[in-house]
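Chemist: Order-wise, the sequence lines are chains W and G.
Heads up, the first sequence is in the numbering used here, so the first residue is 7 and it goes up one at a time.
Heads up, the second sequence is in the numbering used here, so the first residue is 790 and it goes up one at a time.
Even for Gly, the Cβ is constructed at its ideal location relative to N, Cα and C.
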Amino acid sequence: MKSIIKAVFAATAIAGIAGTASAQGVGIEKIGLAVPNLQADYFNQIKLGVEGYAKKLGIEVITVDAKGDTNTQVSQVQDLLTQGIDAFIYIPAGAAAATVPTRLARAEGIPVINVDREPEGEPGDTVIYGENILSSYEVCSHLIGLAEGKGKMVIIHGQKGTTPEVQRYEGCKRAIDENPGIELVDQQWTQMWSPDEGFSIGQNMLQAHPDVKIIFGQADAIAMGAAKAVEGAGLSDQIFVGGYDGDVAALESLAKCDTPFIVTATQSTQAMGVLAVNSAIAVVNDAVVPVRQIPNAVLTTCENAQKFVEKHP
Amino acid sequence: MEWVGSELAQTDVGDTVAAGGEQKEAGRFKLSNLFGGSTGPLLGLIALCIVLSFATDSFLSLRNFLNILDQITVLGIIAVGMTFVILIGGIDLSVGSVLALSMMVLGYLNIVAGMPMGIAIIGALAASAVVGIVAGILITEFKVPAFVATLAMMSIARGLANMITDGSQLIGFPPWFNLSAIIRHGGFLTTTVAIMLAVFVVAILFQRYRAGGRSLYAIGGNPEVARLAGINVKRSTVLVYMFCAMLAGLAGVTLAARLDAVQPSIGVAYELDAIAAVVIGGTSLSGGTGGVGGTIIGVLIIGVLRNGLNLLSVSPFLQSVIIGLVIVLAVAAETFKHRKK
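(1) Just to confirm my understanding: we take T1043 (chain G), look at its own chain, exclude 5 residues before and 5 after, and list those with CB closer than 8 Å. What are they?
(2) Any Cβ of chain W within less than 9 Å of the Cβ of E811 (chain G)?
(3) With respect to the beta strand (DSSP E) encompassing Q1 (chain W), which residues constitute its N-terminal and C-terminal limits?
(4) Just mark L1107 (chain G) as buried or exposed, buried being the case when its beta carbon has 16 or more other beta carbons within 10 Å.
(5) Report the CB separation of Y59 (chain W) from G279 (chain W) in whole angstroms; it is logged as a contact under 8 Å.
(6) Less than 9 Å between the beta carbons of V315 (chain W) and A261 (chain W), yes or no?
(7) Quick one: list the residues of chain G neighbouring L44 (chain W), beta-carbon separation under 8 Å, in chain order.
(8) Round the Cβ separation of T69 (chain W) and V41 (chain W) to the nearest angstrom and send it over; I've been treating them as touching at under 8 Å.
(9) Closer than 9 Å, CB to CB, is A303 (chain W) near chain G or not?
(10) Quick one: Cα of A181 (chain W) to Cα of Y143 (chain W), how far?
(11) According to DSSP, is H318 (chain W) part of a helix, a strand, or is it coil?
(12) Can you list, in chain order, the residues of the region 855-888 of chain G whose Cβ is nearer than 8 Å to any Cβ on chain W?
(13) The beta strand (DSSP E) that contains N120 (chain W), what's its start and end?
(14) So, for S1025 (chain G): in the same chain, excluding its five sequence neighbours on each side, which residues have a beta-carbon less than 8 Å away from its beta-carbon?
(15) Taking the alpha carbon of A255 (chain W) as the reference point, which residue from W:F246, W:I162 and W:I228 has its own alpha carbon closest?
(16) Drop a sphere of 10 angstroms on the beta-carbon of F931 (chain G), count the other beta-carbons inside from all chains shown, and report buried for 16 or more, exposed for fewer.
(17) What residue does the beta strand (DSSP E) around W195 (chain W) start on, and which one ends it?
(18) Give the straight-line distance between the Cα atoms of L890 (chain G) and E35 (chain W), rounded to the nearest whole angstrom.
(19) For chain G, is any of its Cβ atoms less than 9 Å away from the one on L281 (chain W)?
(20) The alpha helix (DSSP H) that contains I972 (chain G), what's its start and end?
(21) So, under 8 Å CB-CB, F246 (chain W) and C146 (chain W) are touching, yes? Tell me the CB distance rounded to an integer number of Å.
(22) Compute the beta-carbon to beta-carbon distance between E97 (chain W) and D122 (chain W), rounded to the nearest angstrom, for a pair I have assumed lies under 8 Å.
(23) I need the boundaries of the beta strand (DSSP E) containing Y96 (chain W), first residue and last residue.
(24) Leaving out five residues on either side along the sequence, give the residues of the same chain with a beta carbon under 7 Å from the beta carbon of A844 (chain G).
(25) On the three-state DSSP scale, how would you describe E66 (chain W)?
(26) Who are F222 (chain W)'s beta bridge partners in DSSP?
(27) Excluding the 5 residues preceding and the 5 following G829 (chain G) in the sequence, name in chain order all residues of the same chain whose CB lies nearer than 8 Å to its CB.
(28) Taking 6 Å as the limit between beta carbons, can you name the residues of its chain near G100 (chain W), skipping five residues before and five after?
(29) Could you say which of W:I161, W:P266, W:Q165 and W:N43 lies nearest to G177 (chain W) if we only look at CA atoms?
(30) Can you tell me whether DSSP reads V304 (chain W) as helix, strand or coil?
(31) Roughly how many whole angstroms lie between the Cα atoms of A153 (chain W) and I220 (chain W)?
(32) Among residues of its own chain, excluding the 5 on either side of T307 (chain W), which ones have a beta-carbon nearer than 6 Å to its beta-carbon?
(33) For the 8 Å Cβ check, are there 3 or more pairs between the region 1054-1068 of chain G and the region 894-911 of chain G?
(34) Quick check on this structure: which residue in W:T168, W:A233 and W:N284 has the alpha carbon closest to the alpha carbon of Q1052 (chain G)?
(35) Compare the beta carbon distance of T872 (chain G) and V1115 (chain G) with 9 Å and say whether it is the shorter of the two.
(36) Tell me, please, whether the CB atom of S850 (chain G) is closer than 9 Å to any CB atom in chain W?
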């Protein structure tokens, strides 16, 4: 424990110096960043976090976008390595996080910083991911509170088998189990965490269960799609929709507070980007970084959304 | 550039002999005949390589060349099957889904059912073949247009792939399986790349030297005339769709090795990449002209372009615009050439 604390101090100290020093001073000139899908605001925010912070330090960032395809991502990582990167920030694409990118980078002695999740059996130097269980518990508890602890509920999941999908269900389920008045009547899975899937699945669920009171979408995109379906069905007064992530569009919608979508958990995505760069610098300078770094997500409702719109955490 | 020319000249002789009926044409259009009317794409590929060599230091190296071969393996194998389908005037939209189905069958047999890898691979290829045969029978016996039949198979195969594990991914292949996509034997060939090259060679030999290969051109040109000339058009069509599906399945096996994992959502829209490669390589979508040689160039163009744009750190959004433009350019150039003829 002591050594970890020391390492954190070392990392922050280095990062502090880095703020004024040149790129050579921090031991990194080029960072490779592999992103699954820039269409998703969540990943885009992380990218902005990495790029914005790295620019301040004078570090060049090469970003590649796999467009959701694992195979494309492996190719892109090969290309990153050809360009002589000093550190690799790896956000795995697809349900099955590929181990190959980590192995390739390791073979060249390049530090691997995993963000969002890490491939099973091939961990990087550290993994940074948003806390899921506690925050989704909070979101679902908030929704259940609004419904006064009773009524029918449905869940629209993300991509089946991914860590956030599993953990956000676990947290939400905990809230449901605490409230015997809540009946979970249906749950379905999206393939891409996308709004159109949220819309059509939501529409079908409303068709099957018109008396539902709570919808939890495991991502803001899904939840906002489902909220549109609720509006379309003319059930806005009866149904509360909750999401997750704190996407820019979702926060703006919450700030206006004019849809059934009324709660989310805002992840510190930009902070995660900064943390990833700092971890990379720490590893290159032989400081020990914690195996897991888990920034909290903040429960966000109509009341406090505006401040996150102004500055995304 | 010298070696390219000499290699062309050498193979050209064999081609002229094999082409038989096309001898008259071959006399005039030697180069284009060799690459299935794809001199344009070949020149484009060479130009692309030259530009990229100057644009970035990291492009022109053996290591990067081997990376590109790695990166085109899946597309290359699928595109060969797609070439034959398009040659006979068909289309196969199901290859991406078949690839996913093959991967899931492979994963299920090996990881869940605990069967040895050899049997799992045979099972994966067999499952793919069944999809291809069904598509072929729908097209020949029930007169369903190829577009619709394979569209249906695309949906069915994707659904089946998802059903095998209820949508989840599988990991836990034996270590050597992933290593076959990583270890470069003799510092050069990974097993998966070797498989792709073997597919290329066999396909070119089949297309050139076997009556079955030549008859595909006849079917694509005019199926009725081909039938009257004694070619069993129905049987050939079913076989072509079967082989296309099996190659998609084989590509799935190499992809599983590369990713060391299988997931049912993989391979979405791969059919479009494969069709793009075939079209860039000069095979006409209306059938009857073109060939595997051109497709290999088409695959290389796509592979080199993606690799080069990555190396140049071109923004991901701009990349997809550029790749689209290249497809337009390649096809427009081809059309222009045909008009001049």
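Modeler: Working from what's here:
(1) The residues T862, V863, I866, A970, T981, I984 and M985, in chain order, have a CB closer than 8 Å to that of T1043 (chain G) in the same chain once the five nearest residues on each side in sequence are set aside.
(2) Unreliable positioning characterises E811 (chain G) in this predicted model, as indicated by a pLDDT of 41, which lies under 50. The coordinate reading is nonetheless provided below. False, the Cβ-Cβ gap to chain W never drops below 9 Å.
(3) Residue 1 (chain W) is absent from the structure shown; chain W starts at 7 and stops at 319.
(4) exposed
(5) 6 Å
(6) yes
(7) P1105 and F1106
(8) Sure, about 6 Å apart at Cβ, within 8 Å.
(9) no
(10) 6 Å
(11) coil
(12) N856, D859, Q860 and V863
(13) Unbroken beta strand (DSSP E) run through N120 (chain W): V118 to V121.
(14) Taking S1025 (chain G) as the centre and dropping the five residues before and after it, the same chain places the C-beta of I877, G1001, S1004, L1005 and I1008 closer than 8 Å to its C-beta, in chain order.
(15) W:I228
(16) exposed
(17) I188 to T196
(18) 43 Å
(19) L281 (chain W) does not count as touching chain G.
(20) Where I972 (chain G) is concerned, there is no enclosing alpha helix (DSSP H), given that its DSSP letter is neither H nor E.
(21) Going by Cβ atoms, the distance from F246 (chain W) to C146 (chain W) rounds to 11 Å, so no, they are not a contact pair.
(22) Note that residue 97 (chain W) corresponds to Ile in the displayed sequence, not to Glu. The pair is a contact, with the Cβ atoms about 5 Å apart (cut-off 8 Å).
(23) Residues A93 to Y96.
(24) L1101
(25) strand
(26) Per the DSSP secondary-structure output, F222 (chain W) pairs in a beta bridge with W:I161 and W:G248.
(27) G1071, A1119, A1122, E1123 and K1126
(28) T76
(29) W:I161
(30) Here DSSP, grouped into helix, strand and coil, assigns V304 (chain W) to strand.
(31) 7 Å
(32) V269
(33) no
(34) W:T168
(35) no
(36) yes
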